[in-house]
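Q: Pasting a structure here, questions to come.
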Amino acid sequence: MSGVTDKVVLVTGAASGLGLADAQVLIEQGAQVIMTDIEADRGSELAAQFGAMFLPQDVADELRWAEIMDAVKAEYGRLDGIVNNAGIAPIADIETTTTDMWRKTLAIHLDGTYFGCQAAIKLMKESGGGSIVNMSSTAALVGIPDYLAYSAAKGGIRAMTKAIAVHCRRAKLRIRCNSVHPGSINTPMVQNAVKQLMDIDLDDNAEKKRKAMGIGEPRDVAHMVAYLLSDESKHVNGTEMVIDNADTVI
Ligand SMILES: NC(=O)c1ccc[n+]([C@@H]2O[C@H](COP(=O)([O-])OP(=O)(O)OC[C@H]3O[C@@H](n4cnc5c(N)ncnc54)[C@H](O)[C@@H]3O)[C@@H](O)[C@H]2O)c1
């Protein structure tokens, strides 16, 4: 078996953008995908189109994670991979960030990723191993002034990922954990940001405009995610994969 064929993989935030592309590419490559998202109607419609399982989920809700893993175990009996992808990106710098915005951003990204990793490891241990992919950002590497809480959260995901990878290796769990760091990718999150910050409309026909601005496509990230979930990446652990066409060279 190569690639992700027959692997059971859960993707959070799968009703839009990067999570949706991850789910699509994984399904195309033969994985059995469980899609989750807080947007239940959109998520279940999309999952039905792909023949995937959909579970409504707020990733910041710890108790829901136990129910999600119970449902995955009942349906598939195991979990081989998880993509902790769900996220929000409020635009605010250190002077304009509110405490509510700060707490919500950290709850979704940091708490959500922590709960997701902890819950997944429990089921992956029973499954004989697995691969965790945590969606970080180039914001974790450089810090983006207009995304204060987001930069802090993504930096935390980067460090958490490495701590989990070393723990799993040390404990001989056969579970790997890596982070992915996209630059700007053409998703609703970035379309809204570009509109708000630069008053530019990134409509579907504006391929040239997007290229000139260095904006990638969701599938550019999804192929890396699929690789990290596959057995071909079995020696790749605790690392950070930057996908930004050299936009953030540090
Ligand atoms: N688009 C980019 O350029 C880019 C770059 C770097 C990192 N990222 C990261 O990639 C991930 C996906 O971003 P995107 O661009 O696809 O955004 P998006 O807004 O298109 O999709 C995010 C998805 O997450 C879901 N979501 C939000 N809060 C949730 C919650 N509490 N529980 C469950 N689901 C929730 C949304 O409903 C949505 O479907 C995020 O973690 C984001 O920070 C995106």
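All letters in the sequence shown, in the order written, are residues 54 to 303 by our numbering. Cβ coordinates follow ideal geometry from the N, Cα and C atoms, glycine included.
(1) At 3 residues or longer, what runs of the beta strand (DSSP E) sit wholly inside the region 230-296?
(2) Would you identify the three-state DSSP class for Ser-189, choosing helix, strand or coil?
(3) CB Asn-187 to CB Ser-237, shorter than 8 Å?
(4) Using a threshold of 7 Å, is the CB atom of Ile-87 nearer than that to any non-hydrogen atom of ligand 1?
(5) Just verifying my parser: in three-state terms, what is the DSSP assignment at Asp-164?
(6) Once you ignore the five residues that flank Ser-97 on each side, which residues in its own chain have a CB closer than 6 Å to its CB?
(7) So does Leu-281 have its beta carbon nearer than 7 Å to some heavy atom of ligand 1?
(8) Under the three-state reduction of DSSP, which class applies to Thr-214: helix, strand or coil?
(9) Beta strand (DSSP E) containing Thr-89: first to last residue?
(10) Kindly examine ligand 1 and report whether one of its heavy atoms sits closer than 7 Å to the Cβ of Glu-115.
(11) Let me make sure I understand the geometry here. Which of Val-62, Val-278, Gly-267, Arg-117 has the alpha-carbon closest to that of Asp-297?
(12) Short of 7 Å in beta carbon distance, which residues of its chain neighbour Asp-111, apart from the five on each side in sequence? Order them along the chain.
(13) Check whether the Cβ of Ile-238 lies closer than 7 Å to any heavy atom of ligand 1, and answer yes or no.
(14) Using the Cβ count rule (16 or more neighbours within 10 Å means buried), how would you classify Pro-198?
(15) Could you tell me whether the Cβ atoms of Cys-230 and Ile-217 are closer together than 8 Å?
(16) Let me know if Val-278 comes out buried or exposed under the rule of 16 or more other beta-carbons within 10 Å of its beta-carbon.
(17) Go ahead and label Asn-245 buried or exposed: buried means 16 or more other beta carbons lie within 10 angstroms of its beta carbon, across all protein chains shown.
(18) Nearest by alpha-carbon distance to Ala-74: which of Met-154, Gly-269, Glu-285 is it?
(19) Ligand 1 and Thr-151: does any heavy atom of the ligand fall closer than 7 Å to the residue's C-beta?
(20) Look up Ala-145 in the DSSP assignment and give the residues it is bridged to.
(21) Is Met-242 near ligand 1, going by C-beta to nearest heavy atom under 7 Å?
A: Looking at the atomic coordinates:
(1) 293-296
(2) Position 136 of the sequence shown, counting from 1, holds the residue named residue 189. Secondary structure at Ser-189: coil, using DSSP grouped into helix, strand and coil.
(3) Position 134 of the sequence shown, counted from the first residue, corresponds to residue 187. Position 184 of the sequence shown, counted from the first residue, corresponds to residue 237. No, these two residues do not count as a Cβ contact at 8 Å.
(4) For the purposes of this step, residue 87 is taken as the residue at position 34 of the sequence shown. Answer for Ile-87: no, Cβ out of range of ligand 1.
(5) Counting from one through the sequence shown, the residue named residue 164 turns up at place 111. Helix at Asp-164.
(6) The residue given as residue 97 occupies position 44 in the sequence shown. Answer for Ser-97: Phe-107, listed in chain order.
(7) What you label residue 281 is simply residue 228 of the sequence shown in a count that begins at 1. Every heavy atom of ligand 1 is 7 Å or more from the Cβ of Leu-281, so no.
(8) If you number the sequence shown from 1, residue 214 lands on position 161. Looking at Thr-214 - three-state DSSP - the assignment turns out to be helix.
(9) Taking the sequence shown and counting its residues from 1, one reaches residue 89 at position 36. Run containing Thr-89: 85-90, per the beta strand (DSSP E) assignment.
(10) Here residue 115 refers to the residue found at position 62 when the sequence shown is read from its first residue. No; taking the cut-off as 7 Å, the Cβ of Glu-115 has no heavy atom of ligand 1 nearer than that.
(11) For the purposes of this step, residue 297 is taken as residue 244 along the sequence shown, with counting starting at 1. Checked all of Val-62, Val-278, Gly-267, Arg-117; the closest Cα to Asp-297 is Gly-267.
(12) As a position in the sequence shown, residue 111 is number 58, starting the count at 1. Ile-91, Arg-117.
(13) As a first step, residue 238 must be located in the sequence shown, where it is residue number 185. Yes, Cβ of Ile-238 sits closer than 7 Å to a heavy atom of ligand 1.
(14) Locating residue 198 in the sequence shown gives position 145, counting from the first residue. Burial state of Pro-198 is exposed, judged by a 10 Å Cβ sphere holding fewer than 16 other Cβ atoms.
(15) For the purposes of this step, residue 230 is identified with residue 177 of the sequence shown, where counting begins at 1. For the purposes of this step, residue 217 is identified with residue 164 of the sequence shown, where counting begins at 1. Yes.
(16) To locate residue 278, count along the sequence shown from 1; it is residue 225. When all chains shown are included, Val-278 counts as buried.
(17) Translated into the one-based positions of the sequence shown, residue 245 becomes position 192. Looking at its Cβ environment, which holds fewer than 16 other Cβ atoms inside 10 Å, Asn-245 is exposed.
(18) Locating residue 74 in the sequence shown gives position 21, where the first residue counts as 1. Ranking the options by Cα distance to Ala-74, first place goes to Gly-269.
(19) For the purposes of this step, residue 151 is taken as residue 98 along the sequence shown, with counting starting at 1. Not so, every heavy atom of ligand 1 lies at least 7 Å from the Cβ.
(20) As a working note, residue 145 is residue 92 in the sequence shown. According to DSSP, Ala-145 bridges with Tyr-200.
(21) Within the sequence shown, numbered from 1, the residue matching residue 242 stands at position 189. It does: the Cβ of Met-242 is within 7 Å (strictly closer) of some heavy atom of ligand 1.
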